[in-house]
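Single-structure report; data block below.
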């Protein structure tokens, strides 16, 4: 416990202190109190950081939706399988166990212009007639990032939802079938309501993790083209370890922590309101 | 009589139709799963075959999907020219040390929480905070402290951070295993003259060893995969596999395919192992295991 305090609480306090200074490693070890300057710069005047907030949102939204839908679909397919479910589940779960860096590297090679699997497969099947550069435009780069992210983390969603599906008592479905409910009705009035809590938890965890999106960006695009895929974590990393503006980066990291906190609370609050309305 | 005849004709027909629908449903289920498997495992397959290709196969069109003469020369190149051996060892050493130290610290803590409910509430708060905290918020102060202490290019620095980040999760899992452990066995050992510590070491540990292995493997894979701390806190001598991989990205999108893919294959090996060994615990491990970055 003492160790935890030392390695977690102390740095956080120290970083909070730093965020009100103007510590810059490229200038020197001297620093002084500058008040809220770092925060106001980050929130109001730094187009790069503001842009990264927007980018992060643009990456998060479609990723979450796709991960939820795909994860739910695969989990439902899996729950219908009678033979070999453990092995298929384990195989499908592998991407989630892989480091984001490795996932991004594999995909970066697949996206390779001349020798990448995607362009070559596309050309072989006649879908592409040129060697396409997947990281040439901001829009397609974001699509690529979302694709890799979905590949990487849908398995997690799938595992969570599969666990949720398996906790739904089978008798409910039998009763519904006896009452003449078709599969569609069974899905909407049994599966979905009973799975809602699991879905909320899964989405919540993914949302929090996605705000930390760093390794994947670092390898796949390094924030490019033109900063269009820079996430908040990545911009903060650049501020701290490329520009060496330690105090500014500390302030940005606190802005991120605050943002994540607000997002989490908002999410729980919305959930609470919905449930209250339903009850 | 007539009615009975009619019914006997209808029922088999309906049953038959039912069977056809069912067969179709099963076929679609497996088809969907096959598609999912292709999407999720295809990249691994491609990386593996790429790492075994000779250079002329990279440039071939139509592309060579499965190399006719697989060769290990990229692995050799990775280990000799790109000093992959050193980075692989670094990753191994750092992950193993973090794993062991996390276990050693967590076990007594978990034991005291399981037996006397000491600090249990604090644990769940720590777990939650750690899960939410972006690693980027920790890395800046830790880097400055390490720089002043002069341990930025040192195994110890990384091991300490990883151990601490992993302790709450390890404790939480271990508490679960210890709660399931029958108190009677422990009491019997203590009546027979065991001290509490000896009972823990010689009676409980061997029995919950599988649980400890779960914790250990998760700790291993989490530290193996970690990137942000690794890239900031390592120097030339202590780089891990994750950092090595990023060095191949400098050549644009068409890069050093052979060695890059070989390093990815080595980098994802533990993930394969863990996914199969820890199936039952995957949800817990992924949902709560440490900070991702």
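Protein chains in written order, with my numbering: chain V, 1066 to 1344; chain P, 36 to 328. Glycine included, C-beta positions come from ideal geometry on N, C-alpha and C. Small disclaimer: the values here were computed from a predicted structure and weren't measured.
Looking at residue j and residue i, is the spacing between their C-beta atoms short of 8 Å?
i	j	result
residue 71 of chain P	residue 1157 of chain V	yes
residue 1222 of chain V	residue 1267 of chain V	yes
residue 1293 of chain V	residue 1203 of chain V	yes
residue 141 of chain P	residue 202 of chain P	yes
residue 1080 of chain V	residue 169 of chain P	no
residue 1328 of chain V	residue 1298 of chain V	no
residue 1168 of chain V	residue 1216 of chain V	yes
residue 1318 of chain V	residue 1301 of chain V	yes
residue 1285 of chain V	residue 1113 of chain V	no
residue 127 of chain P	residue 251 of chain P	no
residue 88 of chain P	residue 102 of chain P	yes
residue 1103 of chain V	residue 1316 of chain V	yes
residue 242 of chain P	residue 213 of chain P	no
residue 268 of chain P	residue 198 of chain P	no
residue 295 of chain P	residue 1175 of chain V	no
residue 300 of chain P	residue 76 of chain P	no
residue 263 of chain P	residue 194 of chain P	no
residue 190 of chain P	residue 129 of chain P	yes
residue 255 of chain P	residue 313 of chain P	no
residue 307 of chain P	residue 1159 of chain V	yes
For residue i, count the other beta carbons within 10 Å of its own beta carbon; 16 or more makes it buried, fewer makes it exposed. Which is it?
i	result
residue 1288 of chain V	buried
residue 164 of chain P	exposed
residue 51 of chain P	exposed
residue 1262 of chain V	exposed
residue 1231 of chain V	exposed
residue 59 of chain P	exposed
residue 1326 of chain V	exposed
residue 1323 of chain V	exposed
residue 270 of chain P	exposed
residue 1110 of chain V	exposed
residue 104 of chain P	exposed
residue 1086 of chain V	buried
residue 1252 of chain V	exposed
residue 325 of chain P	A caution first: residue 325 of chain P carries a pLDDT of 46, below 50, which makes its placement in the model unreliable, though a value can still be read off. Per the 10 Å Cβ criterion, buried.
residue 233 of chain P	exposed
residue 1334 of chain V	exposed
residue 245 of chain P	exposed
residue 1331 of chain V	exposed
residue 261 of chain P	buried
residue 1181 of chain V	buried
residue 298 of chain P	buried
residue 151 of chain P	exposed
residue 73 of chain P	exposed
residue 222 of chain P	exposed
residue 1275 of chain V	buried
At a CB-CB cut-off below 9 Å, which residues of chain P make contact with residue i?
i	result
residue 1083 of chain V	175, 176, 179
residue 1105 of chain V	None at all; the shortest Cβ gap to chain P is about 19 Å.
Under 7 Å Cβ-Cβ, which residues of chain P neighbour residue i?
i	result
residue 1156 of chain V	72, 76
residue 1314 of chain V	175
On the premise that residue j lies in contact with residue i, defined as a C-beta separation below 8 Å, what is that separation, rounded to the nearest angstrom?
i	j	result
residue 1164 of chain V	residue 1290 of chain V	Not really, about 24 Å apart at Cβ, beyond 8 Å.
residue 206 of chain P	residue 258 of chain P	Not really, about 16 Å apart at Cβ, beyond 8 Å.
residue 1189 of chain V	residue 1265 of chain V	With 8 Å as the limit, residue 1189 of chain V and residue 1265 of chain V do not qualify as a contact, their Cβ atoms being about 43 Å apart.
residue 281 of chain P	residue 122 of chain P	Contact doesn't hold; Cβ gap of about 11 Å is too wide.
residue 1260 of chain V	residue 1226 of chain V	7 Å
residue 1153 of chain V	residue 68 of chain P	6 Å
residue 277 of chain P	residue 293 of chain P	Not quite, the Cβ-Cβ distance comes to about 19 Å (not below 8 Å), so this is no contact.
residue 1075 of chain V	residue 1311 of chain V	Residue 1075 of chain V to residue 1311 of chain V, Cβ: 16 Å. No contact.
residue 310 of chain P	residue 1141 of chain V	Not really, about 21 Å apart at Cβ, beyond 8 Å.
residue 1272 of chain V	residue 1139 of chain V	About 20 Å separates the two Cβ atoms, so there is no contact after all.
residue 1196 of chain V	residue 1178 of chain V	5 Å
Taking C-beta pairs closer than 8 Å, name the residues in chain P that residue i reaches, listed in chain order.
i	result
residue 1142 of chain V	64, 67, 68, 71
residue 1321 of chain V	169, 171, 172
What residues of chain V sit near residue i, judged by a beta carbon separation below 7 Å?
i	result
residue 310 of chain P	1155, 1158, 1159, 1162
residue 292 of chain P	1174, 1180
residue 295 of chain P	1170, 1174
residue 134 of chain P	Those within 7 Å of residue 134 of chain P in chain V number zero; the least Cβ separation is about 16 Å.
residue 277 of chain P	1164, 1166
How would you list, in chain order, the residues of chain V whose beta-carbon sits under 8 Å from the beta-carbon of residue i?
i	result
residue 256 of chain P	1162
residue 281 of chain P	1166, 1170, 1283, 1284
For residue i, return the contacting residues in chain V, with the cut-off set at a CB-CB distance below 9 Å.
i	result
residue 137 of chain P	Within 9 Å Cβ-Cβ: nothing; residue 137 of chain P doesn't reach chain V, min ~11 Å.
residue 306 of chain P	1159, 1160, 1161, 1162, 1163, 1164, 1167
residue 124 of chain P	Simply none; closest approach about 18 Å.
Can you tell me whether residue i sits near the ligand FMN, meaning its C-beta is under 7 Å from at least one heavy atom of the ligand?
i	result
residue 54 of chain P	As presented, the structure is devoid of all ligands, the ligand FMN included, so that no description of it is given.
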